[in-house]
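Here is the structure we will look at.
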Amino acid sequence: MSVDGICRSCREGSGNPACKVRMCAKEKGVEMCALCESYPCEHFNEFFNGYPALKNDNLILREKGWKCWGQLQDERLTKGLERSL
């Protein structure tokens, strides 16, 4: 997780270098944890508490792919909401 309790997303080029989730993804060579065969794992129990929509979003990515996941994120932005990642 981040130093200040807010995930800045590793994919965006920021984030806490010591984040357990980040280190695990890097070690396993996955771009996003949702794409890991071990997902969901123990790294996410605490994480989901701060980002409840993330669990559902990750399932959408796994089951329906990047295009559908991206459309969901675009819809959020047009409604003035933040992306999940």
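Just so we're aligned, residue 8 is where the sequence shown starts under the working numbering, counting upward by one.
Just so you know, even glycine gets a beta-carbon here, dropped at the ideal spot from N, CA and C.
Quantities reported herein were computed from a predicted structural model and do not represent experimental measurements.
Asked: Tell me which residue opens and which closes the alpha helix (DSSP H) that PRO59 is part of.; Found: 59–71
Asked: Can we say the segment 69–76 touches the segment 51–60, given the rule of at least three CB pairs closer than 8 Å?; Found: no
Asked: On the premise that PHE54 lies in contact with VAL28, defined as a C-beta separation below 8 Å, what is that separation, rounded to the nearest angstrom?; Found: 6 Å
Asked: Answer with buried or exposed for ASP64, where buried requires no fewer than 16 other C-beta atoms within 10 angstroms of its C-beta.; Found: buried
Asked: Near ALA25, which residues of its chain fall below 6 Å by C-beta distance, leaving aside the five closest residues on each side in sequence?; Found: none
Asked: Report the rounded CA-to-CA distance for GLU70 versus GLU38, giving the unit in angstroms.; Found: 16 Å
Asked: Is it right to say LEU84 is buried, meaning 16 or more other beta carbons lie within 10 angstroms of its own, or is it exposed?; Found: exposed
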